[in-house]
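All residue numbers for the sequence shown refer to the numbering used here, where the first residue is 22 and numbers rise by one.
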Amino acid sequence: MMMKVFVYGTLRKGEGNARLLDGATCLAEQCWTDGALFDTGYGYPAMKQSQLDRVYGELYAVSDADLKRLDHLEGYIPGGTNNLYERIEQTVYTDKGSFTAFVYVASNSSLVKKHILSGDWKLYQFENSHSKIVYFAYGSCMDDVRFKKQNVHHYFQNVIGSGKLHGYTLRFTRKALDGGRADIVEEGGVVEGKLYDITADALDYLYGREGVKAGCYRPAFIEVEYNGLLLKNVLTFTVVDKEAETAPPDHYMQEIIRGGTGYVSEQYLMVLQTYVKETLMTNQGGR
Numbered sequence: 022m023m024m025k026v027f028v029y030g031t032l033r034k035g036e037g038n039a040r041l042l043d044g045a046t047c048l049a050e051q052c053w054t055d056g057a058l059f060d061t062g063y064g065y066p067a068m069k070q071s072q073l074d075r076v077y078g079e080l081y082a083v084s085d086a087d088l089k090r091l092d093h094l095e096g097y098i099p100g101g102t103n104n105l106y107e108r109i110e111q112t113v114y115t116d117k118g119s120f121t122a123f124v125y126v127a128s129n130s131s132l133v134k135k136h137i138l139s140g141d142w143k144l145y146q147f148e149n150s151h152s153k154i155v156y157f158a159y160g161s162c163m164d165d166v167r168f169k170k171q172n173v174h175h176y177f178q179n180v181i182g183s184g185k186l187h188g189y190t191l192r193f194t195r196k197a198l199d200g201g202r203a204d205i206v207e208e209g210g211v212v213e214g215k216l217y218d219i220t221a222d223a224l225d226y227l228y229g230r231e232g233v234k235a236g237c238y239r240p241a242f243i244e245v246e247y248n249g250l251l252l253k254n255v256l257t258f259t260v261v262d263k264e265a266e267t268a269p270p271d272h273y274m275q276e277i278i279r280g281g282t283g284y285v286s287e288q289y290l291m292v293l294q295t296y297v298k299e300t301l302m303t304n305q306g307g308r
C-alpha cells in the first residue's frame, strides 16, 4: 500500500538526502502545510505544528520500505519515547487539491532554534549563500523594457537562453486592478520561458516587483529543461493564493510577447494568445 509523505528539508529534490526518495513518486513539487519551520543549526530544518505559518515542500507517494528508511533518517520509532522527530498526519495543499499525508515534526526541543520566516528551506539556504542562481522568467520579466526604465537592467544582462518547465501550465491566477497576472500552476503541461544567470543582488528588485512581502508571489525552486539538460534548483515565482483566472491587460500581454519572442517557440506564443483571447476574454465578455 502506498502512503503520502510531505518533505520540507534535505529530502527535497536537489538536496542531500533526496536519493532516499528515488523510488518514490513525486505527486507535487509546489505544496504546503500548516506549520512553522526552524533551522536546527545542524544542516537540516525542523518543523513545529502551527496554524499561523506555512511550510513549503514536496509531496510523495511512498512504499512501506521507503517509509521505514525515512523513519530511520528522522530518528523516529513508532511508539518511541525518545524520538528526534514524530511522524504525524495533517493536510497538505497542492495545486490539484488537498491530501492527508505524513509529516515529520520536531519532538526534541533542541531542534527548534532559528525561525525560518519564509517557511522554505531551499529559499533560506539560497538567501544566506549569496551565490549565483539561474532564474526562470515566464511572464513580463522575460521583457527588459521595465528593467531599463527602472535602471536594473545590469542585473539581467546574462541571458542563458530558453527553458521549458514540465508539469506546469501558464495561468493568470493573480488578479490586479487592471486584470490578471501570470502564474505557473502544477497541473501538467509545459511552460516556456527565459533563463537568466543572476546573483543575490537582483533579489530585492524581484521581490519588490513580485510583491513577495505583500504575499502576492513567493519564490519557488523548480527543474527546467535547457538544451536537453535538466537544470535543478532554478528560481522562479508563483502566486501564493491562486484565484480564478482573469484575462491580462493588453500592455501585460505585450510584455510577455515582446520578451518571449526569440526565446520561447512561436507555437507557444500563438497558443497562449489564442487562449487569452478566445477563452479568458470571451468568458469575461471581451474588452
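Even glycine gets a Cβ: it sits at the ideal position worked out from N, Cα and C.
Using the Cα positions of residue i and residue j, report the straight-line distance between them to the nearest angstrom.
{"i": "residue 297", "j": "residue 165", "result": "22 Å"}
{"i": "residue 44", "j": "residue 274", "result": "41 Å"}
{"i": "residue 116", "j": "residue 51", "result": "8 Å"}
{"i": "residue 254", "j": "residue 34", "result": "8 Å"}
{"i": "residue 129", "j": "residue 66", "result": "12 Å"}
{"i": "residue 308", "j": "residue 302", "result": "The predicted model places residue 308 with a pLDDT of 48, which falls under 50 and marks its position as unreliable, so this point remains unresolved."}
{"i": "residue 84", "j": "residue 231", "result": "39 Å"}
{"i": "residue 197", "j": "residue 87", "result": "44 Å"}
{"i": "residue 64", "j": "residue 77", "result": "17 Å"}
{"i": "residue 180", "j": "residue 122", "result": "40 Å"}
{"i": "residue 167", "j": "residue 201", "result": "18 Å"}
{"i": "residue 177", "j": "residue 258", "result": "16 Å"}
{"i": "residue 265", "j": "residue 46", "result": "29 Å"}
{"i": "residue 59", "j": "residue 239", "result": "18 Å"}
{"i": "residue 263", "j": "residue 304", "result": "18 Å"}
{"i": "residue 287", "j": "residue 279", "result": "12 Å"}
{"i": "residue 112", "j": "residue 54", "result": "6 Å"}
{"i": "residue 132", "j": "residue 229", "result": "32 Å"}
{"i": "residue 140", "j": "residue 268", "result": "31 Å"}
{"i": "residue 315", "j": "residue 154", "result": "Nothing about residue 315 can be read from this structure; the chain reaches only from 22 to 308."}
{"i": "residue 118", "j": "residue 80", "result": "12 Å"}
{"i": "residue 90", "j": "residue 101", "result": "16 Å"}
{"i": "residue 293", "j": "residue 175", "result": "29 Å"}
Can you list, in chain order, the residues of its chain whose CB lies under 6 Å from that of residue i, leaving out five sequence neighbours each side?
{"i": "residue 18", "result": "The structure shown does not extend to residue 18, since the chain is modelled only from 22 to 308, so the question has no answer here."}
{"i": "residue 236", "result": "261"}
{"i": "residue 215", "result": "158, 163, 284"}
{"i": "residue 57", "result": "69, 71, 74"}
{"i": "residue 211", "result": "185, 187"}
Considering residue i, what are the terminal residues of the beta strand (DSSP E) in which it resides?
{"i": "residue 194", "result": "190-197"}
{"i": "residue 77", "result": "75-83"}
{"i": "residue 216", "result": "211-219"}
{"i": "residue 111", "result": "106-115"}
Let me check one thing: in DSSP terms, what residues is residue i bridge-paired to?
{"i": "residue 252", "result": "245"}
{"i": "residue 240", "result": "258"}
{"i": "residue 202", "result": "195"}
{"i": "residue 27", "result": "80, 124"}
{"i": "residue 59", "result": "67, 136"}
{"i": "residue 157", "result": "216"}
{"i": "residue 162", "result": "According to DSSP, which records beta bridges pairwise, residue 162 is partnered with nothing at all."}
{"i": "residue 118", "result": "115"}
{"i": "residue 173", "result": "None, per the DSSP bridge assignment."}
{"i": "residue 49", "result": "80"}
Report back the beta-carbon spacing between residue i and residue j to the nearest angstrom; my notes put them in contact at under 8 Å.
{"i": "residue 120", "j": "residue 25", "result": "6 Å"}
{"i": "residue 124", "j": "residue 68", "result": "7 Å"}
{"i": "residue 39", "j": "residue 48", "result": "Incorrect: roughly 15 Å between the Cβ atoms, too far for contact."}
{"i": "residue 242", "j": "residue 143", "result": "5 Å"}
{"i": "residue 152", "j": "residue 276", "result": "Not a contact, Cβ separation roughly 29 Å."}
Grab the span of the alpha helix (DSSP H) containing residue i for me, first residue to last.
{"i": "residue 298", "result": "Element bounds for residue 298: n/a, residue is neither H nor E."}
{"i": "residue 182", "result": "Element bounds for residue 182: not the alpha helix (DSSP H) but the beta strand (DSSP E), 180-187."}
{"i": "residue 274", "result": "271-281"}
{"i": "residue 135", "result": "Element bounds for residue 135: not the alpha helix (DSSP H) but the beta strand (DSSP E), 135-137."}
{"i": "residue 227", "result": "224-231"}
{"i": "residue 148", "result": "142-148"}
Could one say the Cβ of residue i lies closer than 9 Å to chain C's Cβ atoms, at least one of them?
{"i": "residue 294", "result": "Among the chains of the structure shown, chain C does not appear; only one protein chain is present."}
Below 7 Å CB to CB, which residues in the same chain sit around residue i once its five sequence neighbours on both sides are set aside?
{"i": "residue 225", "result": "none"}
{"i": "residue 188", "result": "207, 209"}
What does a CB cutoff of less than 8 Å around residue i pick up in its chain, not counting 5 residues either side in sequence?
{"i": "residue 248", "result": "182"}
{"i": "residue 171", "result": "226"}
{"i": "residue 62", "result": "134, 135"}
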